[in-house]
Amino acid sequence: MDQQLKKISILGCGWLGKPLALHFLQEGYPVKGARTSVEGVRELEAAGIDGYVVSLSETQLDAPEAFWDADILIVNIPPRIHRGVEAHVAEITLLRDKLQTTRIRRVLFVSSTSVYADINDLVTETNDVVPDTPNGQALRLAEQVLLRATGFRTTVLRFGGLIGYDRIPNSLSRISRRQLNDVPMNVIHRDDCIGVISRVIEKDVWGEIFNACAGGHPLRMNYYKAAAAAFNLEIPRKIQPWDLPYKIVTSSKLKKMLEYNFVLDDPLAVFNTVEK
19 MDQQLKKISI LGCGWLGKPL ALHFLQEGYP VKGARTSVEG VRELEAAGID
69 GYVVSLSETQ LDAPEAFWDA DILIVNIPPR IHRGVEAHVA EITLLRDKLQ
119 TTRIRRVLFV SSTSVYADIN DLVTETNDVV PDTPNGQALR LAEQVLLRAT
169 GFRTTVLRFG GLIGYDRIPN SLSRISRRQL NDVPMNVIHR DDCIGVISRV
219 IEKDVWGEIF NACAGGHPLR MNYYKAAAAA FNLEIPRKIQ PWDLPYKIVT
269 SSKLKKMLEY NFVLDDPLAV FNTVEK
């Protein structure tokens, strides 16, 4: 597929999707973005993004046909778990059925490391232990709906917790409401989310599952202590017990196969440029 001719549609242009769309625009790609409201579309258009109102539920998908005029669809819609696991799976099933009627042949599905259970060990893409959380269960099933589909190929990116910009603990309230302990964190900076997505498209890698987390896995307590030091806040108190379930998600496959070097491989470095 000719890189210069790829048209990209992004389903879900919020905290990650909007700057992702702007990145692709700067790279010269034709980009379309979807929001669920007219106000949201106006926000996209004000930023120079071709915006469309798209509504997806477990029973109905409403979108202008022009939105599906693309080579690649990036699906960036997290589960709304208050409606149950089955609702998200039904949404993605409805989306799959629609995609099979369009010219889109490549799908990138933004998933999460919540698809893994806490096994107190290293986790790779081959781990099949079903998580206890509804969010993880919904995403694991949704991934399979797209991966097993015919008519298009899907690559799944399992992002760690998203950090960066306004998603860092820069106030006492953001720190004090956390359960601070000695469990290792699996996180990724938004710049690296954009970088990894771009690399998948640049290298034309489809039909794969990739973990996408920074190589550093700071203990939660140390991460928030670094935040407190960066913003001159009171050092938080550790919460017991110390022996809690955890997982360490490795992105070795992604780094090797995509030849990708993380912008922020040490999550604690996010606090190095903070102005006190």
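Counting the sequence shown from 1 gives a position; the working numbering is that position plus 18. Note that beta-carbon positions come from the ideal geometry of N, C-alpha and C, so glycine has one too.
CB-CB under 7 Å to residue i, same chain, minus the five flanking residues each way: which ones, in chain order?
i	result
F289	A244, A245, A248
T111	V163
E109	L74, S75, E76
Y183	R208
A39	I28, C31, V49, G51, I67
I253	K243, A246
P97	H106, N153, A156, L157
Can you find the residues in the same chain that come closer than 6 Å, C-beta to C-beta, to residue i, ignoring five residues on each side of it along the sequence?
i	result
G30	N94, I95
S27	K50, F85, A88, L91
L165	T172
G69	G51, V59, L62, E63
A167	R114
H41	I212
D80	S73
G35	I28, N94
What's the C-alpha gap between residue i and residue j?
i	j	result
G3	V267	This structure cannot speak to residue 3, because the chain is shown only from 19 to 294.
V125	T54	20 Å
C231	V128	13 Å
N250	M239	16 Å
A156	Q118	22 Å
E57	V71	9 Å
V147	G154	11 Å
W33	V133	21 Å
S270	S216	18 Å
T131	G46	31 Å
E63	P37	13 Å
N145	K25	33 Å
Y264	V201	6 Å
V205	I181	7 Å
V214	G225	15 Å
G233	Y278	12 Å
V223	P82	28 Å
E104	R176	20 Å
A135	H100	20 Å
S194	G169	48 Å
I219	K116	22 Å
Q44	T120	26 Å
D150	R255	28 Å
S191	K221	42 Å
T291	A65	27 Å
Am I right that residue i and residue j are in contact with their C-beta atoms under 8 Å? What's the rounded C-beta distance?
i	j	result
P236	M203	6 Å
V174	I122	Not quite, the Cβ-Cβ distance comes to about 16 Å (not below 8 Å), so this is no contact.
Y241	L286	7 Å
L159	N199	Not really, about 29 Å apart at Cβ, beyond 8 Å.
E355	N229	Coverage of the chain is limited to positions 19 through 294, which leaves residue 355 absent and any answer about it impossible.
Residues in the same chain with beta-carbon distance under 8 Å from residue i, minus the five sequence neighbours each way, listed in chain order, please.
i	result
Q78	L112
G102	P152
For residue i, would you say it is in contact with chain D, using Cβ-to-Cβ distances shorter than 7 Å as the test?
i	result
R238	Note that chain D does not occur in the displayed structure, where there is just one protein chain.
Report yes or no: do the region 179-188 and the region 136-150 share at least 3 C-beta pairs separated by less than 8 Å? Not touching, per the Cβ criterion.
Could you tell me which whole beta strand (DSSP E) segments of length 3 or greater appear in the region 34-98? 49-53, 68-71, 90-93
Check whether the region 268-288 touches the region 199-219, taking contact to mean three or more Cβ pairs, one atom from each stretch, closer than 8 Å. Counting Cβ pairs under 8 Å, three or more are found: they touch.
Please give the ranges of any alpha helix (DSSP H) in the region 247-284, keeping only runs that are unbroken, at least 4 residues long and fully inside the region. 270-275
Jot down the residue ranges of each uninterrupted beta strand (DSSP E) in the region 204-241, minimum 3 residues, whole runs only, in chain order. 205-207, 227-230
Counting only runs that start and end within the region 99-154, where is the alpha helix (DSSP H) found for 4 or more residues in a row? The qualifying runs are 103-117.
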